[in-house]
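Counting from 146, one number per residue, gives the positions in the first sequence under our numbering. We treat Cβ as the ideally placed atom computed from N, Cα and C, and that holds for glycine. It should be emphasised that the depicted structure is a prediction, and the values quoted were computed from it without experimental measurement. Worksheet: the structure to be examined is printed underneath.
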Amino acid sequence: MPELPEVETIVRALAPRLTGQRIAGLRFLARRARRGRVPELRGRQIRAVRRYGKYILIDLDRGMLAVHLGMTGRLLWNGRPGPYTRAVLRLTGQDAVLFDDPRQFGGIRYGFAPPAGLGPDALEISESEFLDRLLGRKGRIKALLLNQRFLRGLGNIYTDESLFRARIHPRAPVGRLSRERARALYRAIRDVLSEAIAAGGSSVSDYITPEGAEGLFQFDHRVYGRAGQPCLACGTPIRRIVVAQRGTYYCPRCQLL
DNA sequence: TGGAATGTTCGGCT
DNA sequence: AAGCCGAACATTCC
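In structure tokens form, the structure reads like this:
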């Protein structure tokens, strides 16, 4: 569910509330939610909350928590615990952050560095680095953009939206992209992600902000979830296919192979 | 009822 | 070796 814009929105909401606070306890209500060992955290101070790709990092005075929301995870500020509450981070005082996650694809781990092995952040990478990394890669462009070791932050929605804006077919072989197309893709990724953050993310099924608000970017989707509806650029019905084992939306006329 | 859903990871194959 | 595929994880909603 949450991709870079959703995670960024969550981080922006939580950072001012959590920074400087002390932890009263972190309790797991589902075994699966705890990934790896987590020491006793009572008394630790939260130094910062930041985004790392799709991860939410909570920097402590010693160590850090890395929260991944998987498909259906939510972080809720002072919410009421429910059947899908998998963890509760209590602060001294009465504030708490709930980790709700019906499907339990998400989880929380403790460590001293951000998760290893991920590529540059989709919003921080420079154009030249993006082009360099693309060079020599094989396979289909959509699979590459979804690969977090190549670039961190993009998921299914924003990959489709970026490819549409760059007029690139999701099945296009990376090696056959012209430099011009590759630059258009870089631009499209930046634009889509920035616009989505400004809109507070996309609420298509589960995503809400820590305060329970929905994002608005789903109303600006040009292809994602629009199968059969006319392309906003040319009127051709948007098509749904499967690429990299994910439902993929594109315009068969604007995005030629 | 089967299929699909915003994600990651692992094992096996080419 | 890189990339691809299917499966697994767990649950809800058509």
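Through-space distance from residue j to residue i, alpha-carbon basis
i    : j    : result
A241 : N223 : 5 Å
R235 : I353 : 20 Å
R321 : A311 : 14 Å
T217 : P147 : 8 Å
R332 : L308 : 11 Å
G272 : R285 : Looking at the sequence shown, residue 272 is not Gly but Glu. Distance between the alpha carbons of E272 and R285: 20 Å.
R189 : G208 : 9 Å
F250 : V212 : 11 Å
G300 : Y369 : 12 Å
L289 : F295 : 7 Å
Y394 : G165 : 43 Å
G298 : Y197 : 8 Å
P315 : A344 : 25 Å
Rounded distance between the beta-carbons of residue j and residue i, thought under 8 Å
i    : j    : result
T237 : R162 : Going by Cβ atoms, the distance from T237 to R162 rounds to 13 Å, so no, they are not a contact pair.
C396 : I386 : With 8 Å as the limit, C396 and I386 do not qualify as a contact, their Cβ atoms being about 12 Å apart.
Those residues which DSSP pairs with residue i across a bridge
i    : result
A232 : F173, F244
R384 : Y395
D204 : A193, M209
R297 : D266
L220 : F244
I168 : L236
R285 : P318
Residue i - DSSP class collapsed to helix/strand/coil
i    : result
A261 : coil
Y303 : helix
L186 : coil
I353 : coil
Y331 : helix
G320 : helix
P150 : helix
Could you check whether the stretch 181-188 touches the stretch 247-267, counting it as contact only if at least three pairs of C-beta atoms, one from each stretch, sit closer than 8 Å?
yes
When the Cβ atoms of the stretch 322-331 are set against those of the stretch 343-360, are three or more pairs found closer than 8 Å?
No: fewer than three Cβ pairs fall under 8 Å.
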